[in-house]
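Going down the list, the protein sequences come from chains A and B. One rule links them: number in this note's numbering = place in the first sequence (from 1) + 1129. One rule links them: number in this note's numbering = place in the second sequence (from 1) + 1129. No residue lacks a Cβ here, since even glycine has one placed at the ideal position from N, Cα and C. No experiment lies behind these values; they were computed from the predicted model shown. The structure under discussion appears below in the form of structure tokens.
There are 2 protein chains.
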Amino acid sequence: MKRPTIKDVAKEASVSIATVSRILNNGTGYSDKTRQHVLNTIERLGYSPNAIARGLISKQSNTIGVLFPDVSGLISAEILQGIEEAAHAQEFSVIVCKTDSDGKKTMDNLRLLHEKQVEGIIFTSQMLTNEYASFIEKMGVPVITVSSYSEKEGIPAVKVDDEAAACDAVRYLISQQHTQIGMISGPPTDPLAGTPRINGYKRALEEAGIEYDESKVAWDSGFYFEHGEIAFSKLHELHPQLTALFAASDELGVSAISCAYDLGLRVPDDLSIIGYDGTRLAKMSNPPLTTVSQGFEEMGRKSAELLFESIETGEPSPGAAIQHRIVERKSVKKK
Amino acid sequence: MKRPTIKDVAKEASVSIATVSRILNNGTGYSDKTRQHVLNTIERLGYSPNAIARGLISKQSNTIGVLFPDVSGLISAEILQGIEEAAHAQEFSVIVCKTDSDGKKTMDNLRLLHEKQVEGIIFTSQMLTNEYASFIEKMGVPVITVSSYSEKEGIPAVKVDDEAAACDAVRYLISQQHTQIGMISGPPTDPLAGTPRINGYKRALEEAGIEYDESKVAWDSGFYFEHGEIAFSKLHELHPQLTALFAASDELGVSAISCAYDLGLRVPDDLSIIGYDGTRLAKMSNPPLTTVSQGFEEMGRKSAELLFESIETGEPSPGAAIQHRIVERKSVKKK
DNA sequence: TTGTACGCGTTATCAA
DNA sequence: TTGATAACGCGTACAA
């Protein structure tokens, strides 16, 4: 008892497959009577069209691919949520791939997506290298990066201006009368989340006439909670007098809250902390984390919408600059 | 400049498409010389096979579909991570769908997956109704549920025994000399995460000879952080004397920590709290949340592995019972 | 060792 | 209003 094909329907209904096809694709040219008849036998046989066969001839897979370095975190989840919603609205499916920030796996996934004839690619939270970019260019489908960065010029991106956002975060701290401000971060050499945020921190300080002291930005190998513990302890050892802290991610910020608590420092009374990202995590910490929000779900949705535009028009997308905003909660002491 | 097909390669290399095909599928029957020649022109033309055409003839899409009620949370993310890893190992792609726990959307997605010829389906965190089950049965592909529940008998599942796990959580509280134990939950009528966990709570109490008092389990409409605030305040109003609390999710647990703090209660000194789920969130709270872990990533991986077995053998999977375990952190006062 | 030709399930272009 | 039939890109039995 195989899956019925259009042929089976045609035979059963004693019409040609062409007629069935027309009825299926609300084409024109058939009587209402045959239409009803065919629709009935379709129902009776439980027929449903084969998108693979359809895709072969139409050259459309109605599928896009999304690459994440890691899918298990909140950032990926929120981005994906936005993408899925936009895709569903266009009757597209989304294939998710995890790259582990690993070059080989990334290329593997790209090749796979190419073979599966995806019509567009969303590249998230990971640098789009020249190698990847030129491969995708050969694929001949549009790409867009989300919360990411491209080696090559002219690749559309959906992202916030990290330096400006970081700068605003620190300005906010300064506006609350803080002058002793430290920072914890991931690797300063990270071109996505490291360098620009540190530069923003620096800029805000200089604007305010506060001397920038490199030793006040402590970092570890990443932006997760676990890294925060290490970075924070480095910082606190060197500069116990700090009254405010800019954390380059929400996880780092939450981690700092925990560390501060363990050291007997009260947040925000003894130490004010502002995070970065605006994930759900921030509102769940104790105290709730003031943070600068990127709006990941919205970024996901936006990126998918732009990608679909690009798929339809054939024109490359201009990308979109996303506005960050500061979400005030309770981890910064208000003056 | 279209995408080159096997025909182009054949023409360019002056061989037949059959030969190219054989070489591609490491079949047998060609000289080393032609092999090299063909491989070279493939490289030169940048040819890559079309999985859609291939799938049409082989009747294999090398794709599975995963349904989530909501993809933006940590639970989904962790499950998906496990699934993706297992799928990648089998050279399968995974299509994610969001259902919003909405019957129509779920059926829409199921239909779409059917048309796209997915070879299996993973159903997560949402009841598999008879309607869904019979549709999938008609599809003729294996299903497996993760952290979920099926109306129909005989559907393989990967899940922990919620009642037993909840019972263990409360036993743990009792083992730390607690007798005044409350619970916050989502809807008691929820067959996935509501009823069984409340039953576990009840059982542990009865085992220990502690009287079960219905008014000590407070709930709101869901298991998220926001719901916890409401449930907790209901509970605290009625029973301010409680010394311990079982929260039916990590988010509820973390929410309780925040609420307790706001009321001036110290955790764990004045109030011990144990959560449920074992997501990354639990370790990031302040204090870190003791919880009973389900191991979502592992569940995701396991479910995918079982699904692939089922796809290969054609036999329905037996499913798998996952062991929960209590992860001790700092939200429960140790005696 | 290699090539020809058919079929997978559809859509689309012709004629009828 | 309908029905043959040629594609789409590929795998494979069969013939050479």
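Enclosing alpha helix (DSSP H) for residue i [first to last residue]
i: Tyr1330/A; result: Thr1324 to Glu1336
i: Asp1391/A; result: Asp1379 to Asp1391
i: Lys1188/A; result: Lys1188/A -> no alpha helix (DSSP H), and no H or E assigned at all.
i: Val1507/A; result: Limits of chain A in this structure are 1130 at one end and 1464 at the other, which puts residue 1507/A out of reach.
i: Phe1264/B; result: Asn1259 to Met1268
i: Ser1304/B; result: Asp1291 to Ser1304
i: Lys1233/B; result: Gly1232 to Glu1244
i: Leu1196/A; result: Looking at the DSSP string, Leu1196/A is not in any alpha helix (DSSP H); the run it does join, the beta strand (DSSP E), is Thr1192 to Phe1197.
i: Ser1439/A; result: Phe1425 to Thr1442
i: Leu1470/B; result: Lying before the first or after the last residue shown, residue 1470/B is absent from chain B, which here runs from 1130 to 1464.
i: Leu1493/B; result: Examination of residue 1493/B is not possible in this model, given that chain B is present from 1130 through 1464 alone.
i: Leu1374/A; result: Note, Leu1374/A: premise wrong, no alpha helix (DSSP H); beta strand (DSSP E) at Ala1373 to Ala1376.
i: Ile1212/A; result: Leu1203 to Ala1218
Cutoff 8 Å: residue i Cβ touching any chain A Cβ
i: His1356/B; result: no
i: Val1272/B; result: no
i: Pro1107/B; result: It is not possible to answer for residue 1107/B, since the shown part of chain B is limited to 1130 through 1464.
i: Asn1169/B; result: no
i: Ala1377/B; result: no
7 Å Cβ shell around residue i - same chain, five flanking residues per side excluded
i: Glu1141/B; result: Thr1170 and Leu1174
i: His1307/A; result: Thr1372, Ala1373 and Ser1401
i: Ser1230/A; result: Pro1198 and Gln1255
i: Gln1219/A; result: Phe1437
Residue environment, residue i, which counts as buried when at least 16 other CB atoms sit within 10 Å
i: Met1430/B; result: Looking at the sequence provided, one finds Arg at residue 1430/B rather than Met. Arg1430/B comes out buried.
i: Gln1370/B; result: exposed
i: Ile1186/B; result: exposed
i: Lys1345/A; result: buried
i: Gly1211/A; result: buried
i: Asn1259/A; result: exposed
i: Ala1215/A; result: buried
i: Lys1162/A; result: exposed
i: Leu1209/B; result: buried
i: Arg1326/A; result: buried
i: Gly1158/B; result: exposed
i: Tyr1176/B; result: buried
i: Lys1463/B; result: exposed
i: Leu1392/B; result: exposed
i: Glu1434/A; result: buried
i: Thr1442/B; result: exposed
i: Asp1342/B; result: exposed
i: Ala1347/A; result: buried
Cβ shell of residue i (< 8 Å), same chain only, five flanking positions each side left out
i: Tyr1261/B; result: Thr1235, Met1236, Leu1239 and Phe1252
i: Asp1399/A; result: Thr1372 and Ala1389
i: Pro1416/A; result: Ile1386, Val1396, Pro1397, Arg1458, Lys1459 and Ser1460
i: Leu1394/B; result: Leu1400
i: Glu1207/A; result: Thr1408, Arg1409, Phe1425, Glu1426 and Gly1429
Cβ shell of residue i (< 6 Å), same chain only, five flanking positions each side left out
i: Ala1333/B; result: Cys1296, Val1299 and Arg1300
i: Gly1404/A; result: Ala1376, Asp1379, Gly1382, Ala1411, Leu1418 and Thr1420
i: Val1167/B; result: Ala1142, Val1149 and Ile1152
i: Ile1135/A; result: Ile1146 and Val1149
Min CB distance residue i to chain B below 8 Å
i: Gly1269/A; result: yes
i: Gln1306/A; result: no
i: Ser1401/A; result: no
i: Glu1260/A; result: no
i: Met1236/A; result: no
i: Ile1224/A; result: yes
i: Ile1455/A; result: no
i: Ala1293/A; result: no
i: Asn1415/A; result: yes
i: Lys1227/A; result: yes
Host beta strand (DSSP E) of residue i (start-end)
i: Met1312/A; result: Ile1310 to Ser1314
i: Ile1251/A; result: Ile1250 to Thr1253
i: Thr1420/A; result: Thr1419 to Ser1422
i: Ser1222/B; result: Ser1222 to Lys1227
i: Phe1352/A; result: Careful: Phe1352/A lies outside any beta strand (DSSP E) and carries neither H nor E.
i: Thr1111/A; result: The structure shown does not extend to residue 1111/A, since chain A is modelled only from 1130 through 1464, so no value can be given for it.
i: Arg1409/B; result: Per DSSP, Arg1409/B belongs to no beta strand (DSSP E); it is in the alpha helix (DSSP H), Arg1409 to Met1413.
i: Ile1451/A; result: Ala1449 to Ile1451
Selection of the segment 1385-1397 of chain B by Cβ proximity to chain A, strictly under 8 Å: From the segment 1385-1397 of chain B, only Ile1386, Ser1387 and Tyr1390 have a Cβ closer than 8 Å to chain A.
Contact residues within the segment 1207-1219 of chain B, judged by C-beta distance below 8 Å to chain A: Hits within the stretch, in order: Glu1207, Leu1209, Gln1210, Glu1213, Glu1214 and His1217.
Residues from the segment 1418-1445 of chain B in contact with chain A, defined by Cβ distance under 8 Å: The residues in question are Glu1426.
Under 9 Å (Cβ pairs) to chain B, residues found in the segment 1238-1257 of chain A: Those would be Asn1238, Arg1240, Leu1241, Leu1242, His1243, Glu1244, Lys1245 and Gln1246, in chain order.
Selection of the segment 1178-1194 of chain B by Cβ proximity to chain A, strictly under 7 Å: From the segment 1178-1194 of chain B, only Pro1178, Asn1179, Ala1180, Ile1181, Ala1182, Gly1184, Leu1185 and Ser1190 have a Cβ closer than 7 Å to chain A.
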